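What follows is a set of notes on a single structure, which appears directly below.
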Ligand code: GLU
């Protein structure tokens, strides 16, 4: 058996969509699980829409996901170049080869003529299909017109009335009749190849053994199979993945929310969560397991077990998965990811060791109850963004609030920094003094010290505030009032 070679072939016309990321992932899983080769090829022949910026962002997103490639535009390899725009000579030579064998021909039809044909077909309720007008031209005369400077595209002559069949690993047997396939342009008059032609030349020359891509390309495949035949290449295996849908079963698009890897990344989703989640779109590792490291998924991956039914992208499930991966992640890594948001909020003024250590010490309060890294900041905002006015307002809204906080301020005087134990002891003394217990005791304390109605356990929150209050200026964290200071300020306001 030939060694497995698969490829991911993005067009650099925008960000990497999660549907395409899943295609890349399934290719990667198959290559890594079988000791095969994963190729990255950039399909940039659409000069108007392709950009270097988009290519760079796709490469960056793939790297971030951990989907490394063995051959590609930057990595090189024995079958390069790996950018289609650098392979134009190859397409030209294969197109000429087809012409020399009578399997392709020059087409001089103008865009206007083609548009009229399309309209006529539409009006007659027929599928739009090239009429084949230029197929009848005498080759020598056509060649003369080209030599004298007339612009011409090259079309492939599709054999008449034949069934083209191929086996799709995901979808089974697929058959199309050539009666519905018009002669496709393979090379435009400006020398750029059409997708269907470039993809065949490239997949054949790059010795790709299995083409895994989105189902939107299934109707292209019969044209490609015919081109393989005409060029004398053996076709690869095909596997067309069902499209990734939104909850309403329409293809996942902007109106469903985030669609690109970059957006999920910016929103604090970890790469291991996204990769794990994407792997489950149409495939299951089995044994009731869902959360698996990528290498283990590669060992278990089996293309034949990929489902052909539509895969619905479930943001809640991704959030659930991310919550679990966040809990398991190395804290320093979460700090790296969260630091810019802490700085943007003004909670940290310099990315220095003191600030990092302090932020890291706050993580246990947040992780477990957030789905994304960017939510960590809001979860611990009470430490940095506390306001005496807001806290006093909330205390006043509680029946025994003012009484409890005045007592608390007395009990906390001189008690800095509070630990979990010294806080509990102080709360017990407030209880004895006021006769308030349970929610009547702890809710006023919570709103006074945090300025929020809900949040992490006070046992964790109180020592965290006081650790912050004790930080030196060099720690890069603006001054944080201690719990004692907070209680005192609120007591003054609610008494006054
Ligand atoms: N450039 C094509 C796309 O992004 C690749 C299709 C294929 O894999 O053949 O849709």
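Numbering (the numbering used here), first residue to last: 1 to 496. Glycine residues also receive a C-beta, built at the ideal position from the N, C-alpha and C atoms. Just so it is clear, the structure is predicted and the values come from calculations on it, not from any experiment.
Cβ shell of residue i (< 7 Å), same chain only, five flanking positions each side left out
| i | result |
| --- | --- |
| residue 280 | 290 |
| residue 50 | 11, 12, 13 and 44 |
| residue 27 | 6, 7, 8, 38 and 212 |
| residue 157 | 103, 104, 105, 135 and 183 |
| residue 126 | none |
| residue 297 | 29, 279 and 285 |
Among the options, nearest to residue i - alpha-carbon criterion
| i | options | result |
| --- | --- | --- |
| residue 110 | 125, 130 and 96 | 130 |
| residue 230 | 356, 96 and 170 | 96 |
| residue 7 | 319, 212 and 330 | 212 |
| residue 414 | 146, 483 and 38 | 483 |
| residue 262 | 65, 203 and 241 | 65 |
| residue 407 | 59, 203, 434 and 260 | 434 |
| residue 333 | 296, 269 and 392 | 269 |
| residue 210 | 304, 489 and 454 | 304 |
| residue 366 | 355, 167, 379 and 402 | 379 |
| residue 307 | 54, 327 and 283 | 283 |
| residue 327 | 468, 440 and 371 | 371 |
| residue 3 | 31, 16 and 15 | 31 |
| residue 460 | 423, 479 and 429 | 423 |
| residue 335 | 357, 349 and 314 | 357 |
| residue 153 | 138, 192, 488 and 203 | 192 |
| residue 376 | 456, 167 and 436 | 456 |
| residue 344 | 477, 443 and 398 | 477 |
| residue 160 | 150, 177 and 144 | 177 |
| residue 80 | 493, 203 and 112 | 203 |
| residue 41 | 251, 200, 248 and 238 | 200 |
| residue 402 | 448, 137 and 237 | 448 |
| residue 317 | 247, 295, 237 and 386 | 247 |
| residue 168 | 239, 55 and 362 | 239 |
Rounded straight-line distance, which links the Cα of residue j to that of residue i
| i | j | result |
| --- | --- | --- |
| residue 77 | residue 233 | 21 Å |
| residue 412 | residue 438 | 19 Å |
| residue 498 | residue 135 | This structure cannot speak to residue 498, because the chain is shown only from 1 to 496. |
| residue 272 | residue 373 | 13 Å |
| residue 243 | residue 206 | 26 Å |
| residue 390 | residue 445 | 13 Å |
| residue 216 | residue 172 | 16 Å |
| residue 70 | residue 276 | 22 Å |
| residue 312 | residue 274 | 14 Å |
| residue 319 | residue 337 | 17 Å |
| residue 256 | residue 341 | 25 Å |
| residue 267 | residue 322 | 11 Å |
| residue 324 | residue 61 | 22 Å |
| residue 92 | residue 122 | 33 Å |
| residue 299 | residue 196 | 32 Å |
| residue 394 | residue 349 | 29 Å |
| residue 383 | residue 430 | 23 Å |
| residue 287 | residue 364 | 31 Å |
| residue 571 | residue 73 | For residue 571 there is no data in the structure shown, the boundaries of the chain being 1 and 496. |
| residue 409 | residue 67 | 56 Å |
| residue 218 | residue 170 | 11 Å |
| residue 174 | residue 222 | 9 Å |
| residue 190 | residue 58 | 27 Å |
| residue 442 | residue 467 | 21 Å |
| residue 47 | residue 107 | 22 Å |
| residue 339 | residue 355 | 9 Å |
| residue 224 | residue 90 | 17 Å |
Spatial neighbours of residue i in its chain, beta-carbon cut-off 6 Å, leaving aside the 5 residues before and after
| i | result |
| --- | --- |
| residue 470 | 417 |
| residue 258 | 264 |
| residue 419 | 463 |
| residue 368 | 327 |
| residue 436 | 400 and 404 |
| residue 465 | 383 and 483 |
Cross-strand partners of residue i (DSSP beta bridge)
| i | result |
| --- | --- |
| residue 299 | In the DSSP output, where bridge partners are listed per residue, residue 299 has none listed. |
| residue 106 | 154 |
| residue 244 | 311 |
| residue 164 | 176 |
| residue 333 | DSSP output for residue 333 lists no bridge partner at all. |
| residue 34 | According to DSSP, which records beta bridges pairwise, residue 34 is partnered with nothing at all. |
| residue 485 | Partner(s): none; residue 485 has no beta bridge. |
| residue 5 | 37 |
| residue 238 | 168 and 211 |
| residue 17 | 260 |
| residue 251 | 245 |
Same chain only: Cβ atoms within 8 Å of residue i, ignoring 5 sequence neighbours per side
| i | result |
| --- | --- |
| residue 497 | Examination of residue 497 is not possible in this model, given that the chain is present from 1 through 496 alone. |
| residue 114 | 130 |
| residue 426 | 408, 411, 412, 415 and 418 |
- [ ] Starting from the N-terminal side, write out each stretch of the alpha helix (DSSP H) that is 4 residues or longer and does not extend beyond the stretch 40–104.
- [x] 52–65 and 88–100
TODO: Would you list, in sequence order, the uninterrupted beta strand (DSSP E) runs of no fewer than 3 residues that lie entirely inside the stretch 175–217?
DONE: 185–187 and 210–214
TODO: Could you tell me which uninterrupted alpha helix (DSSP H) segments, each at least 4 residues in length, are contained entirely in the stretch 363–410, listed from first to last along the chain?
DONE: 374–379, 381–384 and 388–396
Open item on the list: So within the stretch 406–438, which uninterrupted alpha helix (DSSP H) runs reach at least 4 residues, ignoring any that extend past its ends?
Closed with: 420–434
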